[in-house]
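Undergrad: One gets the numbering used here by counting positions in the sequence shown from 1 and adding 75 to each.
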Amino acid sequence: MADSTHPLLSLADSGESEDTPPLVKHLPSLDSTIESVIGNFGWPQFLQTVLVSIAWVFDAQQTFISVFTDAHPTWHCTQLGDESCNSVSDICNLPTNSWAWDLPANTSILSEWNLECAASFVPGLPASSFFTGCLVGGLVLATLADSSLGRKNMLLLSCLMMSLSSLLTVIFSTNIWIYSALRFLCGFFRSTIGTCALVLSTELVGKRWRGQVGVVGFFCFAIGFLSLPAMAYMNRGSSWRSLYLWSSIPGIFYSILVHFFVRESPRWLFVSGREEEAMAILKSIASTHHDSSNWNFSGMCFEQETCNSNLYSTVKILVEKKWALRRLSAVMVIAFGVGLIYYGMPLGLGNLAFNLYLGVTFNALSELPSAFFTFFFIGKLKRKNSIIVFTTLSGVCSIMCVLKGKMWTRLQIGLELLSFFSACTVVNILFIYTIELFPTCVRNSAMSMTREAIVLGGVFCPMLVSAGRKESLASFGVFGLAIGCCGMFAACLPETRGGTLCDTMEEEEHKLEKASCNGVGEF
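Below, the structure is given as structure tokens:
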């Protein structure tokens, strides 16, 4: 590890020729600088990582809360021995006085607002509105974390407004239309939480701990997902609004903690031209054995791209650079296919012959081994091959859920869990892969676009799940084909395992030129 007493980001040796091109006469990267300054991964970095990653807990709760609040409740015939009632599976074909809900009507929006016989798109409207809000919010808010607001402020704004809109859902939802509008608003602000949390946590450490730090957020997401069936089970028989209340108030308190205790990304501060603030943060998170009084910043010089204040400047940069557009397009295609499985499988649990509470619990638990697998093997896994293998496995298992027969019905939940586990693993790897593919000045925007593609898959899930109640091929079959085909686009991307993070577009292009000279192409 470099000596921390040396000037940070100092110019190359003065004995080098002045005619040396700027990109050849390359200054130390932020990767090496951050590692030399903060030293080994210590308590300050660990506490920052955990505090930032807690945002994933509330992200997961709002993402999958509709599995319970919008569920199709169970019902029973009111008169014993009524064969005409017992022989009918569709309550819309029965007189209203011949059946009743098993639980109070306010346990689900469908029973409270009498939506059991509404058009098929109506029950799925709130979930689709949420994912549509995520899609729109991602487009509107995506580049703010790279341009004007920064990682920390974007995380604070998103988490606070998501929690407040969830709280408003409890107060003002009097019908399906207002409820759907508030779910759209919640999704709008939720759209950037995971992106900002992941990028901020990984930018506080060097490349040695980048993968492991990124996985901490996935653990927190799994914990948030797992907390949902627990909260729903404790509130069974109560109003669906109580579930929103339990998930929104802690999110508001968490936002206050973010404001006072979370540090901004020193990488983002550097590329934004705010070197003094970046140095102060590096000092505050440095390992205790590093003596910051010996650091010499006077000779510091830094290759930077000051972030354009234009909201869509970073997206424009990504589109204008052919290599960046090619990478972004491939990553987004993969993300779309994964999104169909990732959001569709939990939403489709009601279509399987299995207990809903246990099904959601098992799905949430499958996030944990996925996160553990990624945590321990991310340093060894080749990104391209891993994505292709796991998307193929997920697709095959999803398609097999369509098969009929007593034996296959028993195996359905196992196949569904394996498919969901594989999709979770792909999401974990894909997020870290995206961080490695793009430089600091556009990284958050690239991550946001990747999550946008995943969410776009989620927009179609409620409709496919609704159609799958009559024919499972329309849901699980489509999910499997989509993720299997989209995963093959990973072959179009370069391998990034063990590489360094670049900070500017010029630095990334310099790395590409160097690789080309060594006979290693983009693919």
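Backbone N, C-alpha and C fix where the C-beta goes; we use that ideal spot for every residue, glycine too. From a predicted model like this one, the values you see are computed outputs, not experimental measurements.
Please state if the CB of Met538 and the CB of Gly269 are separated by a distance shorter than 8 Å.
TA: no
Undergrad: Would you list the one or two residues that DSSP bridges to His151?
TA: Ala175
Undergrad: Evaluate contact between the segment 539 to 558 and the segment 474 to 481, counting only Cβ atoms and requiring at least three cross-stretch pairs below 8 Å.
TA: Touching, yes, given that three or more Cβ pairs across the two stretches are closer than 8 Å.
Undergrad: Let's see if you can read the secondary structure: which residues bound the alpha helix (DSSP H) around Asn438?
TA: 431 to 452
Undergrad: My guess is that Arg342 and Cys271 are in contact by the Cβ rule of under 8 Å, so how many angstroms apart are they, rounded?
TA: At roughly 13 Å, the Cβ-Cβ gap does not stay under 8 Å, so Arg342 and Cys271 are not in contact.
Undergrad: Taking 8 Å as the cut-off, decide whether the C-beta atoms of Ser302 and Val291 are in contact.
TA: no
Undergrad: For Glu546, count neighbouring C-beta atoms within 10 Å of its own C-beta (all shown protein chains included) and say buried if the count is 16 or more, exposed if not.
TA: exposed
Undergrad: Excluding the 5 residues preceding and the 5 following Glu583 in the sequence, name in chain order all residues of the same chain whose CB lies nearer than 6 Å to its CB.
TA: Pro514, Cys577
Undergrad: In whole angstroms, what is the alpha-carbon distance linking Cys567 and Leu512?
TA: Cys567 and Leu512: Cα-Cα distance of roughly 12 Å.
Undergrad: With respect to the alpha helix (DSSP H) encompassing Gly199, which residues constitute its N-terminal and C-terminal limits?
TA: Counting along the chain, Gly199 falls outside any alpha helix (DSSP H), and DSSP gives it neither H nor E.
Undergrad: Which residue from Met522, Phe465, Trp176 puts its Cα closest to that of Cys499?
TA: Phe465
Undergrad: If you drop the 5 nearest sequence neighbours on each side, which residues of the same chain put their C-beta closer than 8 Å to that of Cys516?
TA: Asp221, Val346, Glu380, Cys382, Thr389, Ile392, Asp578, Thr579, Met580
Undergrad: According to DSSP, is Arg402 part of a helix, a strand, or is it coil?
TA: Arg402 sits in a helix when the DSSP states are folded into three classes.
Undergrad: Taking the continuous alpha helix (DSSP H) assigned at Pro569, which residues delimit it?
TA: That residue, Pro569, is in no alpha helix (DSSP H); it is neither H nor E in DSSP.
Undergrad: Report buried or exposed for Trp131, applying the criterion of at least 16 other Cβ atoms within 10 angstroms of its Cβ.
TA: buried
Undergrad: Using 10 angstroms around the beta-carbon of Leu332, count the other beta-carbons present and answer buried if the total reaches 16, otherwise exposed.
TA: exposed
Undergrad: Would you tell me roughly how many angstroms separate the C-alpha atoms of Ala353 and Trp398, rounded to the nearest one?
TA: 30 Å
Undergrad: State buried or exposed for Met524, treating a residue as buried only when at least 16 other CB atoms are found within 10 Å of its CB.
TA: buried
Undergrad: With respect to the alpha helix (DSSP H) encompassing Cys592, which residues constitute its N-terminal and C-terminal limits?
TA: 580 to 592
Undergrad: Using a 10 Å radius around the Cβ and a threshold of 16 neighbouring Cβ atoms, would you call Pro309 buried or exposed?
TA: Looking at the sequence provided, one finds Met at residue 309 rather than Pro. Result: exposed.
Undergrad: Near Pro96, what residues of its chain come up, given a Cβ to Cβ distance below 6 Å and the 5 sequence neighbours on each side ignored?
TA: Reliability fails at Pro96, whose pLDDT of 44 lies under 50, so the model's placement of it is uncertain and no value is given.
Undergrad: Please report how far the alpha carbon of Arg458 lies from the alpha carbon of Tyr417, in whole angstroms.
TA: 19 Å
Undergrad: Compare the C-alpha of Leu427 against each of Val394, Ser550, Cys592 and name the closest.
TA: Ser550
Undergrad: Rounded to whole angstroms, what's the CA-CA distance from Arg311 to Thr182? Just pull it up for me.
TA: 7 Å
Undergrad: Let me know the alpha helix (DSSP H) ranges lying completely inside the segment 236 to 277, each 4 residues or longer, listed in chain order.
TA: 251 to 265, 268 to 277
Undergrad: Look at the alpha carbon of Tyr319 and the alpha carbon of Val288, and state the distance between them as a whole number of angstroms.
TA: Cα to Cα, Tyr319 sits roughly 29 Å from Val288.
Undergrad: Can you give me the C-alpha to C-alpha distance between Pro569 and Leu587, rounded to a whole angstrom?
TA: 10 Å
Undergrad: Kindly indicate the opening and closing residues of the alpha helix (DSSP H) around Met524.
TA: 515 to 543
Undergrad: Going by Cα to Cα distance, which pick from Asn172, Val211, Phe263 is closest to Asp134?
TA: Phe263
Undergrad: Any idea what DSSP makes of Pro421, helix, strand or coil?
TA: helix
Undergrad: Just to confirm, is the Cβ distance from Ala180 to Thr153 under 8 Å?
TA: no
Undergrad: Are the CB atoms of Asn503 and Ala410 nearer to each other than 8 Å?
TA: no
Undergrad: Would Glu527 and Leu210 qualify as a contact pair, given that the criterion is a beta-carbon distance under 8 Å?
TA: yes
Undergrad: Mark Thr267 as exposed unless 16 or more other C-beta atoms lie within 10 angstroms of its C-beta, in which case mark it buried.
TA: buried
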